[in-house]
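Protein chains in written order, with the working numbering: chain E, 1 to 410; chain D, 411 to 820; chain A, 821 to 1230; chain R, 1231 to 1640. Comments concern the structure below.
There are 4 protein chains.
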Amino acid sequence: MEEPPEGPERPEPRAPLIPRYHGQGYRREDVDRRRRWIEEQTRCALPQVGASTLPTESFRGNIENPIGTVQMPLGVAGPLQIRGEHADGVFYVPLATTEGALVRSYERGMALLTRAGGAEVRLYQDENRVAPIFLLDSVAAAHAFARSLEAHFEALKSAAEATTGHGKLRRVECHPVGRRVIVNLVFYTADAQGMNMIVKAADAVCQWIATTLGHDRYQIFSGYNGEKRAAGSLFAGGKGKRVVAGAEIPARLVRAFLRVSPAAIVELWHSTVLGHLQSAALGYNGHYANGLTALFIACGQDVANVANSAVGITDFEVTPGGDLYASVTLPSLSVATVGGGTALGTSPECLKMLGCGGAGGAPRLAEIAAATLLAGELSMAAAIASGEFVAAHGEYGRNRPVAETPEVTP
Amino acid sequence: MEEPPEGPERPEPRAPLIPRYHGQGYRREDVDRRRRWIEEQTRCALPQVGASTLPTESFRGNIENPIGTVQMPLGVAGPLQIRGEHADGVFYVPLATTEGALVRSYERGMALLTRAGGAEVRLYQDENRVAPIFLLDSVAAAHAFARSLEAHFEALKSAAEATTGHGKLRRVECHPVGRRVIVNLVFYTADAQGMNMIVKAADAVCQWIATTLGHDRYQIFSGYNGEKRAAGSLFAGGKGKRVVAGAEIPARLVRAFLRVSPAAIVELWHSTVLGHLQSAALGYNGHYANGLTALFIACGQDVANVANSAVGITDFEVTPGGDLYASVTLPSLSVATVGGGTALGTSPECLKMLGCGGAGGAPRLAEIAAATLLAGELSMAAAIASGEFVAAHGEYGRNRPVAETPEVTP
Amino acid sequence: MEEPPEGPERPEPRAPLIPRYHGQGYRREDVDRRRRWIEEQTRCALPQVGASTLPTESFRGNIENPIGTVQMPLGVAGPLQIRGEHADGVFYVPLATTEGALVRSYERGMALLTRAGGAEVRLYQDENRVAPIFLLDSVAAAHAFARSLEAHFEALKSAAEATTGHGKLRRVECHPVGRRVIVNLVFYTADAQGMNMIVKAADAVCQWIATTLGHDRYQIFSGYNGEKRAAGSLFAGGKGKRVVAGAEIPARLVRAFLRVSPAAIVELWHSTVLGHLQSAALGYNGHYANGLTALFIACGQDVANVANSAVGITDFEVTPGGDLYASVTLPSLSVATVGGGTALGTSPECLKMLGCGGAGGAPRLAEIAAATLLAGELSMAAAIASGEFVAAHGEYGRNRPVAETPEVTP
Amino acid sequence: MEEPPEGPERPEPRAPLIPRYHGQGYRREDVDRRRRWIEEQTRCALPQVGASTLPTESFRGNIENPIGTVQMPLGVAGPLQIRGEHADGVFYVPLATTEGALVRSYERGMALLTRAGGAEVRLYQDENRVAPIFLLDSVAAAHAFARSLEAHFEALKSAAEATTGHGKLRRVECHPVGRRVIVNLVFYTADAQGMNMIVKAADAVCQWIATTLGHDRYQIFSGYNGEKRAAGSLFAGGKGKRVVAGAEIPARLVRAFLRVSPAAIVELWHSTVLGHLQSAALGYNGHYANGLTALFIACGQDVANVANSAVGITDFEVTPGGDLYASVTLPSLSVATVGGGTALGTSPECLKMLGCGGAGGAPRLAEIAAATLLAGELSMAAAIASGEFVAAHGEYGRNRPVAETPEVTP
């Protein structure tokens, strides 16, 4: 029994723990009881939270203390023609959002891309990483340790891959900081985002190092890997999929769909690059986070990965022929089609809508995400450059008719 | 009629536009028809998407082309005692996520904070900004322009505030870049996130400048403002609420709840600061994006604002008495309790659960968010420092009992 | 007497201290004796180091343990016509460097600017800062502390300005981080770089706070101020002079002097902006550090301030008329014309060469520095865009004649 | 003959070009004539500039338009015991500076390190890079291009190495940005800083690509390489030498030499890390730029490389035994012992003083630089933590006796 608290420990008269139920409480009745308990504590009715149509047992492994579901409206944007190596065809993209005008804005860019022959997409790297940090006695010991790991790559790989049927250890990069060494373990994780998988594998690597090499002072995370945070190191890839989408768009289509000239878009790019630099921003983008969060929520992705996935570079140029070349470069895009929330509730439906339901879905989803962001960047840049941004955002909230997107098919 | 396309314009044989319905199609039957149309196009059944229990007309202004809703499981973490100026009491925090162990992890930190007397939270600034960029003829003209705006502050303020009943123009800061001037307009937006509001106000300011001062070459956005992207400028505040949460936690509670010593947590902080620096990360945090996205999705926030809101600094110290002082500093946290998705579906229920339903809710929500992240940082740091991280993440997916959180109340 | 060392203390058999002489040893004979001592220790003759023509007593206050001087060749570049508010006229700029082609490159840009009517320069802010950090008991205490400082501004100003005849406390900005508050003290320092001056003033402010407000746990530096290091916060100014230089240059002059078109320079800018973003660089510039170090060494500036002064943004645009608009924006340029090395040896000669010898020299030097960097950016961009860079750098080392710069005067 | 200028071309009545002399004018008489011409133009006597004792012909290849030399006082700090792989022994380090107290401050740290057994230093990578950027027609073409370069590595290597007797092409890394590819060419450059060498080699690579692969739209620089600018990518090395220095220092020596406890230094580190994060600084350091510029000027280094070399991470920890472990990590340190200014004037004397005169000198100089910075970081941190900083800086300018550094040898 603890002593009665003093000093900073000033317990509220009443701060009860959330009740625990048998088996962690995933039965419908447990979820309902827990929700009612919360309703009583907070004196707040939660009918819509309780109106969930999903089987509560399906929540197990994805959430604790469930009390129901949130519902977010799902819109769809398209058609989006993509000419990738993994995604090739016409797509209608599910976007879950509550930001008015977002779906319409992406849709406009998609229609334009489609009319121009589609967005070309290429995947460069397909990786994920965990970067433990080891503490050695001295700078010299750290140096020797880093050198020794190079020689042990095969052993590290064996230790890692013994823990997983899907993950493959691709590279080990050592980053010394004083007498510490960050051991960046770079994996291929197939269709999973794979953090759980590769954390386990990284743990096995660390244990092998501890046991075999005798270096047992480590933390499994060093803060280096850029998981769910913005960092300059993300530009070199390694944290997710490195994917690029681009399209050359004839000037007359730019004008027809976006009501601006290619030159006006490039001038907007130029001005706003200056603003990004002045702001000490990482990379350059118009609003990657908008499209990514909407797509991630729809498709059961780990939405917190937007923090790293939204780091990238949008580019617009006028071609010698006067047309527009637009591209987005996403060095560290985290997407998955197995694991996490991908099998839960509405997520598999949205993934299937994109043809990303089965094996090989993750690279396809990465290409679709990149093409989607390209559409969004085009539309946003045009809305600003044309001066229509203010009007467009006003319209959708006030129920007025909007200018129709020009027809896509002839 | 356009010419038949050539070159890069290679239309798919079949890329039909998504059908438009009367009044933008927000009636239930429109939503159902649109969904069926998508099902046909994608050859994919969408029963759960269609199982939405929300009135479809409520989607208007929040999304276009709706086809239903996504459902994401909602868990609850608490009790979380907060000693703020806007939030003062015990809270149970709704978190929508599909990342297993997340809710349990935050809950552990909350129980600890509560047992230690609560998280202390303070709000420093409460602002939002739009930063148009003006192009002048020359460096000298830009300088004169920037100087002139200082003299016209009252006029700019009048122009801005004529467009809104809630927004107040607080400051105008000029950032010269060559012959351009970024005019950073900083507003108070009450309980709204307020981008739509202040974009309109900024537009009025720009039009006033164009009309009265004769400078009409501007873009409404410069890329400076850090909306929905990570940038160094966010640390000085201005993009949302600048809020700090902290707590002094007795060592024995740290050990009881987190199974590590304060010193081990500080050592983890130290190591991972090095990793952040090596990664050229912005700021330092364990996993702000996790808690923020879960809270934002639950509470109808604009989730894309996680990109700027997740920039901040976590700190852990051992006090002279051997206890732990933990804090999170969030310079640019974007939250709202009116506007956007806050009135839609399950969002108002979650907001009310936190007592943030009415006027004055936004500062309260900001304080709750900061305290929530503090709990998450404590729990995550402890999980890594104790070596339990790998085990914890495995457990929740495999249905094994977990160590119970110690009792909060005596 | 200490114990004989053990463990990591492994003293060399012979590691003698450098001899100390009377009055710190600034007499010629002391300097010579010290140099001879070093020659013996290192078995290395130092005749050129000893060939210094400067009076050794002049070193006092600028260096310790002097053994002579280094000599670095001094070149001159010009004419550079400047149309600033502090620098107005034609200048010949002294540049101390050993990087072949640097002077010629800057000279080319200067001749071009002069032929085009000169570089226009404007100074926005003229400040320097010291940012102590205070540790409070809690987040709430830190908040109250920050609030209280606002109310005490006049007292802080009095405390600061009692220590200096030149420095003026302009602003106090509080940045909270957890239970700490960074107190950014922003000063005007007249013609001095002023760090010594304002550190003393900041110390007085801190002592006033400690004595009067009772908060005595502080460090005089927080790492915030960006002195001699690169940081995103520098873009908002505050660390030195915020100065912008620009010029509109007719296309035919661009072609005549730089052998490229304006469009080619802008295309180079575009490509290399992408490279900067990919590199997570701070700002954008071609080679500010080259011109700054050469000018700083010549003019007795604190060369280490290049680390903060070289952070900025270069811009190139094609004007509607097809000409080139070029600019450099230097938000945190540290220059001085009194104090530091400005009165020593060759420095006052170089400062006088620029008309910066007397009072009011520092803003003039800032404008000259900005115009000089503008010249360098133009020339470097052109050398890369034209493909001449490789050839130019080869030539100057191999003694071949170079293409003459076109005549500047008609 | 050009037209009389209009508009922005407003030539000064008198802006004469600097006279050119036979053979670029490196004879003593040319230098004197040029200086006299400048004296006339600027109405300013330059006797000390003209007092140069260096042979003017030696300036050729290092500077253009020479008019003499600047002299900067040279001090010496030591003894500095280093236990590196390239530098092993006791060193006295030449530092050219005009910042009072700098040499004394570094000396104090050196004496402490020496007394503690020396600074341990290790070199990880020894590289330099040029990163051209290629423009392709499309994202797909860029992807194919990047893939093809991997297959052509040997040919690229041959093309590169045909241009140089010393440079070796180690790696080629492709960074896609839209339809462009940054081709990062990483070289070993022996004892040269090597930019001229590897720019030539990179040019040959680009020409090979243009001729053989048919891709001829490139710029030799992309802005990616981080030469002479601060960038996040520098932390991963590649731009110079990646070197780490560290030492474990007994607490009693810390107290004896620095008049603070190890804990006080670590507390200072902690506070100022927070300040760095708040400032969006790159990495963490106390004042690398001070020591680097002083060493670089003394040793004929390209001083502008301080911009990239000063990016790194200083760390301080209390060991379990209560002692201090201190380290500096410099990922991109640019030093050389051949080429550039290393053979000019006083530079070879300073290099020889450090035993870095001959082959293999550059890695040795890198280790010495790292150990020097370690000394400076220790001394600066202690000065701030002890509250002596303000006093120390005052003293050296006011000619008062300073506390002597404790004896190093027993």
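By construction, the Cβ of each residue, glycine as well, lies at the ideal position given by its N, Cα and C atoms.
Neighbour flag for residue i against chain E, beta carbons, 9 Å
i: Ala1361/R; result: no
i: Gly770/D; result: no
i: Gly1052/A; result: yes
Chain C residues whose Cβ lies nearer than 8 Å to that of residue i
i: Gln1449/R; result: Here the protein chains are E, D, A and R, and chain C is not one of them.
Status (buried if at least 16 other CB within 10 Å, exposed otherwise) for residue i
i: Pro429/D; result: exposed
i: Asp1036/A; result: exposed
i: Pro1221/A; result: Below a pLDDT of 50, predicted positions are generally treated as unreliable, and Pro1221/A, at 33, falls in that range; no measurement from the model is reported.
i: Gly731/D; result: exposed
i: Ala119/E; result: buried
i: Phe153/E; result: exposed
i: Arg424/D; result: exposed
Residue(s) in a DSSP beta bridge with residue i
i: Asn1414/R; result: Glu1403/R
i: Gln481/D; result: Gln71/E
i: Thr329/E; result: Val244/E, Ile313/E
i: Arg1273/R; result: Paired residues: none, contrary to the question.
i: Leu1144/A; result: Ile1069/A, Val1138/A
i: Tyr628/D; result: Phe544/D
i: Asp908/A; result: Arg903/A
i: Val93/E; result: Ala77/E
Min CB distance residue i to chain D below 9 Å
i: Asp1553/R; result: no
i: Ala966/A; result: yes
i: Gln1508/R; result: yes
i: Asn128/E; result: no
i: Tyr1251/R; result: no
Beta-carbon contacts of residue i that lie in its chain and below 7 Å, excluding the five residues immediately before and after
i: Ala865/A; result: Glu859
i: Ile1069/A; result: Leu932, Ala936, Asp1143, Leu1144, Ala1146
i: Ala1605/R; result: Leu1310, Tyr1336, Gly1339, Met1340, Leu1343
i: Asp440/D; result: Tyr431
Beta carbon proximity, residue i to chain R, threshold 9 Å
i: Val177/E; result: yes
i: Tyr534/D; result: no
i: Leu545/D; result: no
i: Ile265/E; result: no
Cβ separation of residue i and residue j, assumed to be a contact under 8 Å, to the nearest whole Å
i: His1396/R; j: Ala1420/R; result: 4 Å
i: Leu559/D; j: Val582/D; result: 6 Å
Sequence-distant residues of the same chain with beta carbon closer than 8 Å to residue i, five excluded per side
i: Glu818/A; result: Absent from the structure is residue 818/A, since the part of chain A shown begins at 821 and ends at 1230.
i: Ala1493/R; result: Val1548
Minimum Cβ-Cβ distance from residue i to chain A less than 9 Å
i: Pro1246/R; result: yes
i: Lys1398/R; result: no
Beta-carbon contacts of residue i that lie in its chain and below 6 Å, excluding the five residues immediately before and after
i: Phe954/A; result: Val1001, His1035, Tyr1038
i: Val1320/R; result: Pro1309, Gln1311
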